Structure formats: C-alpha cells, structure tokens
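Visitor:
Chains as they are written, first to last, in the numbering used here: chain U, 3 to 182; chain D, 3 to 182.
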C-alpha cells in the first residue's frame, strides 16, 4: 500500500520532521508513505521547480492512494498544489482521502477574510463574486470528489491548538485507507 | 473538439453571459465549449452541491481538452475548484491549457496579502511557512502540469483593466487548442 502524502506540510519550517512523522505513522498501519520532500532535487539548478514537479508526479504514479492535507492555506481554501494533486489522483481513479484541521464552513472562513453581502440567501464577496454556500468546508469539487473516490473529508470537531502539527485527522484518514 | 471551460467565471454576477461568450468563441474555432453552469441542477435540492459535482464530472469526461481560468481567486492562488479540475483532466491524460489575467509572480502577490520575511533568499510568510520562490505566477504543480500536458500558462504582459471580463488570454488558449 503506497500512499502519497500531499499537503502544504512541505512549506512548514519543520517540513522534514512532519514528513518523517507521517511516514512513521503509515508504517504503523502497514503502508509505505511517500513524502514529496523526499525527492532528490537540485534546488540550485535553473529548472529546480520542474525537477520538483517531475519528482512529485513520479511519486504519485507509484502510489495507489493519496491522503491530502486540505487545511486552508493563505486564504479560505486548501493549498493549490495539494488540490491539483488530489485532482490528479482522482483523475487516475486512485483512492482519495483528505482532512482539514479547520472545521469551519467555507462561508464562515470567507467571511473572516472579506465582507460578505447576503441578498435573499445569495452570498457575494466584496468583488461581487458568489460565495458557495452549501454548508461545506471548502469548494464542492474537492469535497464531493473525496466522497466518490474514497471517503468523506475528515475534520475534527474543533480545530486543534496547532493547525499544522496535529496529525489526529491525518491518522484517521490512514485508518480508513488501511481498512480498504 | 470538446473543451471543458473551467474557472471561477461561474461565480461572476454575469456568469451565464461569460459562459455564452466563451462558448461562442469556441464555436469560432471549430470547437464545442462546455460551461459548467449549463448543467441542469436543482439548486433547491438537499444534494444540490453533489448534483453540481456529478454534472461537472460528466462534462469533464465528455471533453478532450480543458481551458482553465487560473486568475487568482480570494487569495494568492487560483480557485480551488478550477485547480482540482485541471488536476483531474491532467490525471486523465487530457490536453490542458490555462491562463491567468494577473501576470504578477506568486511571491509579489503573496507579499501584497501578507508580510514576507527573507532569510538568505528563503522566503516565509507571517506564519513561518515557506513562500515558493521560483519566479512562477502560481504553485509549481499547476504551472508545470500545463507545460507537460498542453502548453505553458498564458498571461498578458499587463493585467487587463477588468480581470474577470477580459477574454484575450482565454482566446489565446483557444487558438493553441485549435492548432493541436
């Protein structure tokens, strides 16, 4: 069981440590975890970003399962790179799991970042663009892709004290993956 | 040539009109454009968001090509739903094109929204998370996926006066798609 560990964890100051913790947890459930940072990349090379892409793509192709950390990142939604990878794995028909450490609805999170206007239940942001209001925690494409390609998004009842270091919901995904 | 028209255009106040303009442009290039909003969905139903997902997924499966509007949306990156769809189409090995009407680099855009600390060239945001700094306009996974699965991201030299209504870069994608 090869699991691709997608998430903005690679941007954390202790990214390598988080990667090791996730891989160790995978091992405990009989799985092999692949953490994107473990690819060999020459960060000084002029094509470093392309090397990272190719490394991640090769890792994804080797994996049967993705567990995506969809905790909101620099805005109301999940990290774009992680969302791309979730879509890529779903497109390949692979088993998809995801978690977010922020249980707030997309509407509530957007409201924190921007003024929202309510016109008979139709919500818009300050630019006049519709705010998806289905009570989901993020964009419906990701949320329902998880329902269909694996298991519904895992969210804690309350956000953990440390949104980026807490792996409780990650482990819940792992348990689900191991039970398949 | 069936083209899936991915983008946060569906959230615009004149979404239906933008969709019609995109579909009409497709026709001019001999292609059939599929705009997500054209799916029949009962918005009053309790499973409306799931109906939208299934409609979009069926549309994507019918299309050979995606043109994704990756103009930044509520933060420094593209709309999560659009990014998921781009990944999904790439995962299916389909031809991928994308454009962004904001030519700024990801670093410059992030700097506008958050303080950035530079420690010997390693950039971090106010939460201490690394800011990707490869001179790209958005997360490397999307940018290089376009290189590999279709054609490099199209960006205007300067942002158009109206970031959401200008279809110049969309049409440039369409020309590329038609030339394949």
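Glycine included, C-beta positions come from ideal geometry on N, C-alpha and C.
Since this is a predicted model, take the numbers as computed values, not measurements.
Taking the continuous beta strand (DSSP E) assigned at residue 125 of chain D, which residues delimit it?
Guide: Counting along the chain, the beta strand (DSSP E) containing residue 125 of chain D begins and ends at 124-126.
Visitor: Mind listing the chain U neighbours of residue 127 of chain D? Cutoff is C-beta to C-beta under 9 Å, in chain order.
Guide: The contacting residues are 13 and 76.
Visitor: Thinking residue 2 of chain U and residue 99 of chain U are a contact (beta carbons under 8 Å), I'd like their distance in whole angstroms, please.
Guide: Only positions 3 to 182 of chain U appear in the structure, and residue 2 of chain U is not among them; the question remains open.
Visitor: Using 8 Å as the threshold, is the region 46-57 of chain D in touch with the region 15-28 of chain D, meaning 3 or more CB pairs across them?
Guide: Not touching, per the Cβ criterion.
Visitor: Run through the DSSP bridge pairs and tell me what residue 139 of chain U is partnered with.
Guide: Looking at the DSSP assignment, residue 139 of chain U forms no beta bridge with any residue, so it has no partner.
Visitor: Buried or exposed, going by whether 16 or more other CB atoms sit within 10 Å of the CB of residue 111 of chain D?
Guide: Answer is buried; the Cβ neighbour count reaches 16.
Visitor: Does the CB of residue 145 of chain D have a neighbour CB from chain U at under 9 Å?
Guide: Yes, because at least one Cβ of chain U sits closer than 9 Å to the Cβ of residue 145 of chain D.
Visitor: Which same chain residues end up closer than 8 Å to residue 105 of chain U when comparing Cβ atoms and leaving out the 5 residues on each side of it in sequence?
Guide: Cβ neighbours of residue 105 of chain U beyond the five flanking positions: 139, 157, 158, 159, 160 and 161.
Visitor: CB residue 146 of chain D to CB residue 146 of chain U, shorter than 9 Å?
Guide: No. Outside cutoff.
Visitor: For a contact defined as C-beta to C-beta under 7 Å, what are the partners of residue 92 of chain D on chain U?
Guide: What residue 92 of chain D touches in chain U: 90 and 93.
Visitor: Starting from the C-beta of residue 34 of chain U, find all residues in its chain whose C-beta is less than 6 Å away, skip the five residues before and the five after it, and write them out in chain order.
Guide: Once the five neighbours on either side are set aside, the close Cβ partners of residue 34 of chain U are 4.
Visitor: Please state the DSSP three-state secondary structure of residue 65 of chain D.
Guide: Residue 65 of chain D: coil per DSSP, three-state reduction.
Visitor: In terms of residue numbering, what span does the beta strand (DSSP E) encompassing residue 119 of chain U cover?
Guide: Unbroken beta strand (DSSP E) run through residue 119 of chain U: 119-121.
Visitor: Counting pairs of Cβ atoms below 8 Å between the region 120-130 of chain D and the region 116-128 of chain U, do you hit three or more?
Guide: Too few Cβ pairs lie closer than 8 Å, so no.
Visitor: At a Cβ threshold of 9 Å, is residue 163 of chain U touching chain D?
Guide: Output row for residue 163 of chain U: interface = no.
Visitor: Within 9 Å of any Cβ in chain D, is that where the Cβ of residue 83 of chain U sits?
Guide: Closer than 9 Å: yes.
Visitor: State the DSSP-derived secondary structure class of residue 218 of chain U, mapped to helix, strand or coil.
Guide: Because chain U spans 3 through 182 in this model, residue 218 of chain U falls outside it and cannot be assessed.
Visitor: According to DSSP, simplified to helix, strand and coil, what is residue 70 of chain D?
Guide: The answer is strand: DSSP assigns residue 70 of chain D an E or B state.
Visitor: Should residue 87 of chain U and residue 89 of chain D be called a contact, given that it needs their Cβ atoms to be closer than 9 Å?
Guide: Their beta carbons are under 9 Å apart, which means residue 87 of chain U touches residue 89 of chain D by this criterion.
Visitor: At least one CB of chain U closer than 9 Å to the CB of residue 130 of chain D: is that the case?
Guide: Chain U contact via Cβ: present.
Visitor: Along the beta strand (DSSP E) that carries residue 7 of chain U, what are the first and last residues, could you check?
Guide: Segment 4-8, the beta strand (DSSP E) holding residue 7 of chain U.
Visitor: With DSSP collapsed to three states, give me the class of residue 172 of chain U.
Guide: Three-state result, residue 172 of chain U: helix.
Visitor: Any beta carbon of chain U sitting closer than 9 Å to that of residue 69 of chain D?
Guide: Judged by the 9 Å Cβ criterion, residue 69 of chain D is not in contact with chain U.
Visitor: Just tell me which of U/168, U/10 and U/175 has its CA closest to the CA of residue 192 of chain U.
Guide: Because chain U in this structure spans residues 3 to 182, residue 192 of chain U falls outside the shown range and cannot be described.
Visitor: Quick one: measure Cβ to Cβ for residue 141 of chain U and residue 21 of chain D, integer angstroms, because I've assumed they're closer than 8 Å.
Guide: Between residue 21 of chain D and residue 141 of chain U the Cβ distance is about 18 Å, and since that is not below 8 Å, they are no contact.
Visitor: Is it buried or exposed for residue 164 of chain U, if we count other Cβ within 10 angstroms and need 16 for buried?
Guide: Classification of residue 164 of chain U: exposed, given that the 10 Å Cβ count is below 16.
Visitor: If the criterion is Cβ atoms closer than 9 Å, does the pair residue 39 of chain U and residue 12 of chain U meet it?
Guide: Their beta carbons are under 9 Å apart, which means residue 39 of chain U touches residue 12 of chain U by this criterion.
Visitor: List the endpoints of the continuous alpha helix (DSSP H) containing residue 89 of chain D.
Guide: Start and end: 82-93.
Visitor: Could you pull the start and end residues of the beta strand (DSSP E) that residue 77 of chain U belongs to?
Guide: Careful: residue 77 of chain U lies outside any beta strand (DSSP E) and carries neither H nor E.
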